[in-house]
Amino acid sequence: MLFALAGATIGAVAARAAYSAFTRGRPADLSGRWTRKNHRGEPITLLEGPAFVAGAGAAAALTPGLPGRLRLAALVAGGGSGALGAYDDLYGTTSSKGFKGHLSALGRGEVTSGAVKILGIGATGLAAAALVSTGPVDTLVNGATIAGAANLANLFDLRPGRAIKVGLLTGGPLLAAALFRDSPPAAALAAVPLGAAAALLPADLAERSMLGDAGANSLGALLGLAAVTKLGRPGRYALLGTVVALTAAAEKVSFTKVIAGNPVLNRLDLLGRRPVGPV
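The sequence shown begins at 4 in my numbering and counts up one residue at a time.
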């Protein structure tokens, strides 16, 4: 319990401090490279993403109770996917979208920023998995899960607070299970991204900022790492299958439309947000 509390607290404090430092003096200037337009067409900063990466990274480095290899795996997964996401935030184009679009472009000899990110996150996922896995098969499964979770989290970052809410709803049970089974390292690892994400949720819901690829990729990768560290082999295989299925579904259907069409999911999605209609 104490290690998990420390991880969540350090992550939250560090993420808020980083966000304040990154955005200091910028509210009046939303025309820079870290600015995008949100679903309303309003300018919004992407600096929430680097703040999450910094906060979660600080927590992974400083939280007590994490074995050395697990600590290093968290830094590799969270920091690596965050850096690659930031690259796509700054240099990405919309000429190709989704796994299919980027890989098709790569097949034509066109190296898109998305393809660089996909391949890079795959590599960092495998590197992180190698630090916590036993044997090549486990490394491949765990690496694919970490990388897939990083990409999947980014697919939810299309409305205010959505990616963070999904992260909290999926990471919360992992944390609870680790605490229930008295596994301090697993609990601390799960608490790190949850604390950092929760601290940034108010700004995200208020539509002052968004995670962007940097933050969403890092959040997903860290939760994926926490999952493969805690789950047994059947659970990890089931998780990988779920991640693959949802990623494939996203190529065909809109998560936003699915959520809007389900009363329960829609209520959760709108919780804490500004009204959708004209204000």
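Note that the Cβ used here is the ideal one computed from N, Cα and C, for glycine as well.
Asked, Found
"Exposed unless 16 or more other CB atoms sit within 10 angstroms - verdict on residue 268", "exposed"
"Where residue 136 sits in the DSSP three-state scheme", "coil"
"Residue environment, residue 205, which counts as buried when at least 16 other CB atoms sit within 10 Å", "exposed"
"Simplified DSSP assignment, three categories, for residue 84", "helix"
"Residue environment, residue 44, which counts as buried when at least 16 other CB atoms sit within 10 Å", "exposed"
"Contiguous beta strand (DSSP E) assignments of at least 3 residues, all confined to the region 161-226", "none"
"Buried versus exposed, by CB contacts within 10 Å (16 or more), residue 265", "exposed"
"Distance cut-off 8 angstroms: residue 138 Cβ against heavy atoms of the ligand GTP", "Of ligands this structure carries none, so the ligand GTP is not represented either."
"Residue 276, DSSP secondary structure in three states", "coil"
"Buried or exposed by the 16-neighbour rule on C-beta atoms within 10 Å, applied to residue 79", "buried"
"Top-ranked residue by Cα proximity to residue 70, from 156, 162, 187, 26", "187"
"One or two residues paired with residue 47 in a DSSP bridge", "39"
"Distance, residue 180 Cα to residue 5 Cα", "15 angstroms"
"The region 122-131 contacting the region 252-260, beta-carbon criterion three pairs below 8 angstroms", "no"
"Supposed close pair residue 142, residue 132 - CB separation, criterion 8 angstroms", "5 angstroms"
"Beta-carbon gap between residue 7 and residue 56 smaller than 9 angstroms", "no"
"C-beta atoms of residue 83 and residue 123 nearer than 9 angstroms", "yes"
"Ordered list of alpha helix (DSSP H) runs contained in the region 225-259, each at least 4 residues", "236-253"
"Reduced DSSP category for residue 92 - H, G, I as helix; E, B as strand; rest coil", "helix"
"Proximity of residue 85 and residue 199 at Cβ, strictly below 9 angstroms", "no"
"Exposed unless 16 or more other CB atoms sit within 10 angstroms - verdict on residue 136", "buried"
"Under the three-state DSSP convention, the category residue 31 falls into", "Its pLDDT being 46, under 50, residue 31 is placed unreliably in this model, and the value from its coordinates should be taken loosely. If DSSP states are grouped into helix, strand and coil, residue 31 belongs with coil."
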